[in-house]
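Written out below as structure tokens is the structure these notes cover.
Protein chains in written order, with the working numbering: chain A, 15 to 122; chain B, 65 to 233.
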């Protein structure tokens with residue numbers, strides 16, 4: 015059985031001014047109906063609680079349709095925010111680089 | 065420490081729009097660099113500033129402006145965020161829809177609060193160690209109200225009245 019995985023890598027600065035753009039990228043990934051959606055926050059130069067709001071909403075949608083959600087938080091700003099809010103135990107966390115696949119694998 | 069010992073000041077008025085959130089961070093980062101007062105925990109400082117300004121742009125009428133005020137004295141940097149709403153910030157229950165910003169401030173700041181000023185209010189107090197100012201920048205000499213020897217304090221987003229002071233040694 016093949017597990018369809020789609021990974022979204024967010025870059026730049028994630029705050030209230032870029033929330034809509036980030037939300038749109040995640041929604042586009044969700045429209046590919048993956049079994050596992052990975053959201054990579056490790057390349058963000060900055061993220062505040064807006065990022066938490068973004069991920070919690072994605073988690074709600076994932077639970078609603080029975081999709082698995084996993085995060086890459088790295089060791090930088092994303093981990094700082096999620097750890098400060100005590101949320102690191104709430105999510106499936108993945109380490110390291112994307113697993114050899116492109117962030118948004120092309121569909122045949 | 066009173067404001068009379070401050071040597072460097074800046075006031076930045078920004079429109080109450082979401083675009084002001086990253087601009088505020090970038091401006092304050094550059095200002096700290098220009099003042100040779102780079103905070104030891106600058107990432108945390110910018111995170112707190114971002115939360116405070118976000119709180120303003122989410123809850124205050126967009127037709128207004130808000131003000132960031134920075135005062136660098138010998139050992140402290142005080143950053144105040146003043147807006148036109150008299151409604152104090154409220155820590156509410158966290159939900160996917162929000163409420164995380166002030167929880168984050170509570171978790172990361174040494175102290176915080178808000179105060180009324182005129183028709184509006186000023187956000188959140190914070191104290192944190194910062195690196196000593198660079199040589200060549202003139203500051204008033206040490207005074208009796210300096211914090212513990214060898215440390216310095218940064219105040220983030222304090223009020224312009226009723227200021228809380230860092231613990232005295």
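Glycine is no exception: its CB is placed at the ideal position from the N, C-alpha and C atoms.
As the structure is a computational prediction, the values presented were derived from the model and not from experiment.
| Item | Value |
| --- | --- |
| Spatial distance of residue 106 (chain B) from residue 16 (chain A) (CA atoms) | 45 angstroms |
| 3 or more residues per run - each beta strand (DSSP E) lying fully within the region 59 to 114 of chain A | 82 to 86 |
| Burial state of residue 119 (chain B), where buried means 16 or more other Cβ atoms lie within 10 Å | buried |
| Endpoints, beta strand (DSSP E) assigned at residue 74 (chain B) | 72 to 79 |
| Contact check, residue 87 (chain A) vs residue 107 (chain A), beta carbons under 8 angstroms | yes |
| DSSP-derived helix/strand/coil call for residue 96 (chain B) | helix |
| For residue 145 (chain B) and residue 117 (chain B), believed in contact at Cβ under 8 angstroms, the rounded distance | 6 angstroms |
| Sheet register partners of residue 19 (chain A) (DSSP bridge) | A:50 |
| C-alpha gap between residue 76 (chain A) and residue 90 (chain B), whole angstroms | 34 angstroms |
| Terminal residues of the alpha helix (DSSP H) in which residue 131 (chain B) lies | Element bounds for residue 131 (chain B): not the alpha helix (DSSP H) but the beta strand (DSSP E), 129 to 136. |
| Selected residue, minimal CA-CA separation from residue 46 (chain A), among A:95, A:20, A:94, A:101 | A:20 |
| Coil, strand or helix - residue 57 (chain A) by DSSP | coil |
| CB contact flag (residue 74 (chain B), residue 113 (chain B), <8 angstroms) | no |
| Beta carbon proximity, residue 99 (chain A) to chain B, threshold 8 angstroms | yes |
| Within 8 angstroms of chain A by C-beta, residues of the region 113 to 131 of chain B in sequence order | 114, 115, 118, 121, 122 |
| Contact set between residue 82 (chain B) and chain A, taken where Cβ atoms lie within less than 7 angstroms | 30, 31 |
| Below-8 angstroms beta-carbon distance, residue 86 (chain B) vs any chain A residue | yes |
| Whole-angstrom distance between residue 167 (chain B) and residue 133 (chain B), CA atom to CA atom | 23 angstroms |
| Host beta strand (DSSP E) of residue 165 (chain B) (start-end) | That residue, residue 165 (chain B), is in no beta strand (DSSP E); its alpha helix (DSSP H) goes 164 to 172. |
| Beta-ladder partner(s) of residue 156 (chain B), from DSSP | Per DSSP, none; premise fails for residue 156 (chain B). |
| is_contact[residue 48 (chain A), chain B] using C-beta, thresh 8 angstroms | no |
| Among B:110, B:149, B:93, B:108, nearest to residue 128 (chain B) - alpha-carbon criterion | B:149 |
| Closest by C-alpha distance to residue 39 (chain A), when choosing among A:89, A:95, A:23, A:105 | A:23 |
| Under the three-state DSSP convention, the category residue 143 (chain B) falls into | strand |
| CA-to-CA distance, residue 44 (chain A) to residue 31 (chain A), given in whole angstroms | 22 angstroms |
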